[in-house]
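Chains as they are written, first to last, in my numbering: chain A, 1 to 404; chain B, 405 to 831.
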Amino acid sequence: MQAIYAFGILILISFLGARFVFRRKNIFSPLNYFFSSGLIYIFLGLYLGKHGLNILSVQVLEGLTPLISLGLGWIGFLFGFQLERKYLRKFPSNYIALSFFQSLFVFFLVFVVVFSALKPFFASYSVFLLYGMAVTLGLLASMNSPALLNAASSKIPEKGNYYYLARFLASISAFWGIVGLAFISSFWHFPFFESKVFENGLLFLLISTAFPFILGYFFHFLTLKKTSEQDLLVYILGLVFFVSGAAFYFNLPTLYVCMVMGITYSNLTKIHEEIYPLFLVTEKPLYIVLLVLIGALWDFNISYEVAILVALLFVVRIIGFVFPLRLFQKILNFSFPLPAVFGLCFLSYGGIGVAFAVSIKLAYPLVLTDVFLSSALIVIILSEILGPWALKLSIFPLDSEKKI
Amino acid sequence: MILLAIIVVLMFFLKSPVLQPFSNNLQSSSIALGFIMVFGFLFGKKLSWFKLPQITGFIIAGVLCGPYVLKFLSVTDVKNLQIIDGLALGLIALTAGGGMRMKKLKGSFKTISAVVFFQTFIILAGFVVFSFVGRAFFPEMILFQNVAASILLGTLATATSPSTTIAIITECKSRGKYTDFILSTAVVKDFFVIILFAFSIAISKSLISPFKSFDFGFIGKTLRDVGGSAVIGIIIGGGIILYLKFIKKDITLFILSIAFFTYQISRSYEYHPLLICLMAGFIVQNLSSQGESLILAIEKISVPVYVVFFAISGASVNLGVLKTTWLLALICVVWRGVLKFFGTFTGAKFAKDDPGIQKYSWAGFISQAGVALGMAIVIENVFPEWGGEFKAFVLAIIAINQIIGPILLQKLLIKVGEAGKRELNSG
């Protein structure tokens, strides 16, 4: 019964949230973006969860698993759906290369620093687990989202190459992180394999890729003939539930599995114009519900170790995005300079970062994962608060000074 | 057909013994939900090729995938996914209420009220009589319990599915006297059936407990519940009107919240959620110009909700129980048909309507779906000791009626020459 009420409360919250919170006022004023991005709902979830009113208790959250699965799957599918070959081809190939090297650099830098810091703090844990945590934090740090850039779009008067490059990089950077997540989930599959690690890992990777690939084709065949809006909604909801449900069932990476289905379908179908309006209707409420549930799942913990991790993650990530830009500019033959300050516009994680963090929490029910989630969520929230300010420092002067 | 086969094969593969060691059965609700939504919907579409309503397909898909046939859904999955019931029933009742237009009702008020009265009276009386015959099937029940179950069964038997009626009329592009009469009567009857159901539940509660003396207080309580439900429905209807008139944004989400909360909260306080939603829909349709907006908003989101709702209802059919009661179910279907004929004939004759309406229109009242199913679920909750078996039995009757009902209505509309007389965009 409590699960039913919780479900109802979530519908109401998502309705009110979609109605009142997602308004674009002055995106650059302090805390404004934090509210308008919807991240405030994580705190609402925290309050409704076991640390507060306990309406979203552990038991209730178990009953609401389909909603968490749908929320994660929806984000993955939506992200994958945007990765259309036709769209990607419009950009020079060195843009994609820059995205890859930028993510790779940030990943390695964060991995090395975090792993070195983890060893003394968590000496009692096996190195195997510490490696896993450092890798996941590295992957998380390499991701960012275009949500802030989109929200600030109308406030940026001079849109030039820097704005469009930043948007492109932010749009696809999560791809590398999600692919990395697929490798971790397959080869570090929980419960951990005792033997045949490589074979089983490959099997999981194959299933994670082939299953959504087949369903992407399946979806395409369903919509080959003219499909009504209602039918499309049933197919999208049903298939995302099905694929994300299968991911939950086998503890596969939901984001990756649904992303593959999104990519497959997007590159086969010709009805993008009919699909996007459906996303617009459903995206906000589903996202809010997911954020509230993530807040309720969060075992809130600000220990000394978490504080150090957050500070490290935040600083090292900025270093990773800022400093190697000039080097990449030379290696990848960019036609315009990439000053270090440009890297500041990649601070925002957006919903994909939150989804990534909670995917790890759900895939690995370990004590260490709670430390991971706390560090990840705090650093995401911090980045969303400071992101607009950093964006203002980077894109504004660059695009207005040098329009190429 | 190939796509249906592909998704079934995929599900077989995912549930195969090879992959079982890697799976987490506690997390199977999401995969079950996704599968049943896609499979049920496709199956319903395929069934519509054979001139059968999609709802029948959803139910059969649920039965096939449920815990007794293919076992894609476990009993726990079915229980977990019944969270969707309240939402679907709220939406169905809002749609039914929204379908009642005063202008149309006024024109044939005399015939409609006479048919509703005689159908209800004759069917209820017929099923109480039937309870004495039915005793042979339930020898463990005492007479009062038998009568109580028959009253509930009779009440359910009175119900017709407005949503199926609307769907068939739309499909046949039908227009004319018979069409208007059948649709209006089906909707009005549903309204009265819900009120009647409230009384039936109260009477049955008193009859069913052999150790309790007959409680006359139930009449007051029922009146309070029904009256209270009507008042709450009016208030909610007013709220919906104000929202649709002044706020106008995120209407679908708003209607979802209203349907869900109204159903769950009113059920907790022993009001009648179906009556509340029906009244709210009626108020919006007839006291404002927002009726179309309401119906459109429901139509936008209702399909996935209905697919899961009907499929899960099918999956919850206990085939073990059905095995032992199929003969009685079949007899009930035939008996209901006979009573429907006499009820409609007597009512139309009393109202002095034309002989065609008297003789043939009964065929338009056979289909049963959402409201009857909703009442069966309420019975299951109110009488947990035997409600589950009763629901399985009623579901068998509904399933048979849902297969023959639309076919009979379709044949009727063709016979009286109203099929194909207009282009309809929606129900």
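Don't be surprised by glycine CBs; every beta carbon is placed ideally from N, CA and C.
With the criterion set as a beta carbon lying under 7 Å from some beta carbon of chain A, the members of the region 437 to 453 of chain B are 437, 438, 439, 441, 442 and 445, in sequence order. The alpha helix (DSSP H) runs lying completely inside the region 23 to 106 of chain A and spanning 4 residues or more are 32 to 36, 40 to 48, 58 to 63, 65 to 82 and 85 to 88, given in chain order. If you draw a 10 Å sphere on the C-beta of residue 757/B, you find 16 or more other C-beta atoms in it, and that means buried.
Taking all protein chains in view, the Cβ of residue 683/B is crowded by 16 or more other Cβ atoms within 10 Å, so the residue is classified as buried. Within the same chain, and ignoring the five residues on either side of residue 81/A in sequence, the residues whose Cβ sits closer than 6 Å to its Cβ are 262 and 266.
Residues of the region 225 to 258 of chain A whose Cβ lies closer than 8 Å to any Cβ of chain B, in chain order: 229, 230, 231, 233, 234, 235, 237, 238, 239, 240, 241, 242, 243, 244, 245, 246, 248, 249, 250 and 251. Secondary structure at residue 271/A: coil, using DSSP grouped into helix, strand and coil. With 16 or more other Cβ atoms from the protein chains shown falling within 10 Å of its own Cβ, residue 456/B counts as buried. Residue 506/B: member of the alpha helix (DSSP H) spanning 506 to 511, first to last residue. If you draw a 10 Å sphere on the C-beta of residue 649/B, you find fewer than 16 other C-beta atoms in it, and that means exposed. Note on geometry: alpha-carbon atoms of residue 259/A and residue 76/A lie some 4 Å from one another. CA-CA distance, residue 669/B to residue 494/B, rounds to 12 Å. Residue 498/B has its alpha-carbon roughly 21 Å from the corresponding atom of residue 585/B.
At least one CB of chain A lies nearer than 8 Å to the CB of residue 708/B. Cβ-Cβ distances below 8 Å link residue 355/A to 71, 72, 75, 76, 255 and 290 in the same chain, with the five nearest sequence neighbours on each side left out; the list follows chain order. In the three-state scheme derived from DSSP, where H, G and I count as helix and E and B as strand, residue 239/A is classed as helix.
Note that the C-beta distance between residue 136/A and residue 372/A is below 8 Å. Within the model, the alpha-carbon separation for residue 570/B versus residue 233/A is close to 22 Å.
Distance from the CA of residue 792/B to the CA of residue 799/B, rounded to the nearest whole angstrom, comes to 10 Å. Flagged as an interface residue toward chain B: residue 221/A, by a C-beta distance shorter than 8 Å. Contact annotation for residue 65/A against chain B: 431, 433 and 434 [CB-CB distance below 8 Å, chain order].
Excluding sequence positions up to five before and after residue 294/A, its CB lies within less than 7 Å of the CB of 42, 45, 354 and 358, all in the same chain and listed in chain order.
Taking 8 Å as the threshold, the shortest C-beta distance from residue 595/B to chain A does not fall below it. Following the DSSP letters along the chain, one finds residue 123/A in no alpha helix (DSSP H), marked with neither H nor E. In the three-state DSSP reduction, residue 300/A falls in the coil class, being neither helix nor strand. Look at residue 579/B here: in three-state DSSP terms it is coil, with no helix or strand label. Identification of chain A residues near residue 670/B by a Cβ-Cβ cut-off of 8 Å yields none; the smallest Cβ-Cβ distance measures about 12 Å. The beta carbon of residue 423/B lies closer than 8 Å to those of 417 in the same chain, with the five residues before and after it left out.
Comparing C-alpha distances from residue 235/A to each of 489/B, 709/B and 562/B shows the shortest one belongs to 709/B. Identification of chain B residues near residue 185/A by a Cβ-Cβ cut-off of 9 Å yields none; the smallest Cβ-Cβ distance measures about 12 Å.
One Cα belongs to residue 568/B, the other to residue 771/B, and the distance between them is close to 7 Å.
Taken through DSSP and simplified to helix, strand or coil, residue 477/B comes out as coil. Comparing alpha carbon positions, the residue from 564/B, 781/B and 559/B closest to residue 529/B is 559/B. Around residue 69/A, the beta-carbon contacts reaching into chain B at under 7 Å are 434.
Where residue 176/A is concerned, the enclosing alpha helix (DSSP H) starts and stops at 161 to 187. For residue 466/B, the closest alpha carbon among the candidates 729/B, 812/B, 713/B and 739/B is that of 713/B.
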